[in-house]
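Following my numbering from start to finish, the sequence shown increments by one per residue and tops out at 718. Structure first, then comments.
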Amino acid sequence: MTLADKRKFLTRFDAPAVAEAVIDSIVTPVEQRLIAQLDHELFSAEELRRAGADALRLYKRGVINYADSDAGLFTFSDFYTRLDVFVIAERETYRAFAKETQKSLDEWYFSVYYGRLRRDPDESPSGDAVITRDEAVSRINGEMRRAYLACCDCRILAGGYNGCAAPLQTCISFRSGVNTIAHRGVSKPITKDEAVRIVIDADNAGLMHTANQHTICNCCLDCCYLSRARKRRDAELRTRLEKQNAPCPSWPKVSKRIKADWERCATCGVCEERCPFHLFAVAEKRVDGARCIGCSLCVNACPSGALSLERVSIEGA
402 MTLADKRKFL TRFDAPAVAE AVIDSIVTPV EQRLIAQLDH ELFSAEELRR
452 AGADALRLYK RGVINYADSD AGLFTFSDFY TRLDVFVIAE RETYRAFAKE
502 TQKSLDEWYF SVYYGRLRRD PDESPSGDAV ITRDEAVSRI NGEMRRAYLA
552 CCDCRILAGG YNGCAAPLQT CISFRSGVNT IAHRGVSKPI TKDEAVRIVI
602 DADNAGLMHT ANQHTICNCC LDCCYLSRAR KRRDAELRTR LEKQNAPCPS
652 WPKVSKRIKA DWERCATCGV CEERCPFHLF AVAEKRVDGA RCIGCSLCVN
702 ACPSGALSLE RVSIEGA
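Shown next as structure tokens:
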């Protein structure tokens, strides 16, 4: 492949400079040349075949997307989409990259993700909400769509360089339409019982649960893009809202906060160990409920039943 083709591919595929050193491991030179040399945006499987490419393989790899599945027309994907498919489907290759490279790719991917969120400070950036373990189980049991399981892309992208040891097989999705990882064959179908077991195991591992219309995720604070975006958004809004003497809108949506019955507390300290935000001071019989997001990790593990969640109305939730 010529240098001109390489540059044309990088531009057409929206590949960032941080990816150039490892781009041949993510998109093969043959795929790069194809993207550089096909000048029209819509093409059929037959056109790809004549160019020496297998449309199904390219689609499964996230190199192309369906533009019109009924008409059998494809279009080029982009680096953001391909990287997501790549880290899930070929995570060992990604994890073999230098940690500095992983960090650069993760930071780039996160910046694109964050930039795509709704930016109005008075509007929730997405429909994501914190839910309890029991709510996650109830939703799975009541869901009519098929569940699919995939590795957590956030934890693969960030966990290799930040040392996160949380389980990877934790992302449950109910989406299976064209251009999804389920349709590409990257995630696998699972039963409701299997999905419930994943949530319970994730809870036992200290992962909190978030959900939107199509997914249930089991998240840590260090890797999860939702948690990282929440922290960044809160920091960006805090100064402006403090000047206006206005509360920071809650996101992801929070509907419950912790309530402690210290009379029943056994002072075992399990809540201190389980709380991702370190809200408990058991020796002082104190909990910072104002910062609680209602994840239920402490409640689920409390041996004396001293903890419960109470429903609250939070500004912006």
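Using N, Cα and C, we set each Cβ at its ideal position, and we do this for glycine too. Here the structure is a predicted model, which means the values were calculated and not measured.
- Query: Since Cys-672 and Val-683 are thought to touch, with beta carbons under 8 Å apart, how far apart are those beta carbons, to the nearest angstrom?
  - Reply: Confirmed, about 7 Å.
- Query: Would Ser-574 pass as a contact of His-615 if the rule is Cβ separation under 9 Å?
  - Reply: yes
- Item | Where Lys-686 falls: helix, strand or coil (DSSP) | coil
- 6 Å Cβ shell around Ala-559 - same chain, five flanking residues per side excluded: Asp-507, Cys-624
- Given Arg-496, which residues of its chain have a CB within under 6 Å of its CB, disregarding the five upstream and five downstream residues? Gly-561
- Task: For Gln-570, write down the residues that DSSP places opposite it in a beta bridge.
- Result: Gln-570 pairs with Cys-552.
- Simplified DSSP state of Asn-613, which is helix, strand or coil: coil
- Task: Let me know the secondary structure DSSP gives Arg-462 once reduced to three states.
- Result: coil
- Message: With three or more C-beta pairs closer than 8 Å as the rule, is the stretch 627-638 touching the stretch 568-585?
- Response: no
- Cβ pair Arg-658, Val-713 closer than 9 Å: Arg-658 places its beta carbon less than 9 Å from that of Val-713.
- Query: What is the DSSP secondary structure of Pro-430, reduced to helix, strand or coil?
  - Reply: helix
- Message: For the alpha helix (DSSP H) containing Val-700, name the first residue and the last one.
- Response: 698-702
- Message: Between which two residues does the alpha helix (DSSP H) holding Arg-534 run?
- Response: Segment 534-543, the alpha helix (DSSP H) holding Arg-534.
- Could you spell out the range, first to last residue, of the beta strand (DSSP E) harbouring Lys-654? Careful: Lys-654 lies outside any beta strand (DSSP E) and carries neither H nor E.
- Message: Just to confirm, is the Cβ distance from Phe-414 to Asp-485 under 9 Å?
- Response: Annotated as distal: Phe-414 and Asp-485, with beta-carbon spacing of 9 Å or more.
- For Ile-659, the three-state DSSP class (helix, strand or coil): In this structure, Ile-659 counts as strand in the three-state DSSP scheme.
- Query: Hey, out of Cys-703, Phe-475, Ala-405, whose CA is closest to Glu-442's CA?
  - Reply: Phe-475
- Query: Which whole-angstrom value describes the C-beta separation of Arg-633 and Trp-652, a residue pair presumed to lie in contact below a C-beta threshold of 8 Å?
  - Reply: About 11 Å separates the two Cβ atoms, so there is no contact after all.
- Taking Ala-437 and Ala-446 to be in contact with their CB atoms under 8 Å, please state how far apart those CB atoms are, rounded to whole angstroms. Actually they do not touch by this definition, with Cβ atoms about 20 Å apart.
- Mapping DSSP to helix, strand and coil, what is Leu-710? strand
- Task: Please check the pair Ile-427 and Phe-487, which I expect to be a contact at CB under 8 Å, by giving their CB distance rounded to whole angstroms.
- Result: 5 Å
- Message: Suppose the cutoff is 7 Å on Cβ atoms and the five residues either side in sequence are ignored; what does the same chain contact list for Ala-468 look like?
- Response: Leu-443, Leu-474, Phe-475, Thr-476
- Task: Mind reading off the beta-carbon distance from Ala-596 to Ala-551? Whole number of angstroms is fine, and I expect it under 8 Å.
- Result: No, Ala-596 and Ala-551 are not in contact; Cβ-Cβ is about 12 Å, not under 8 Å.
- Message: Can you give me the C-alpha to C-alpha distance between Glu-536 and Gly-607, rounded to a whole angstrom?
- Response: Distance between the alpha carbons of Glu-536 and Gly-607: 16 Å.
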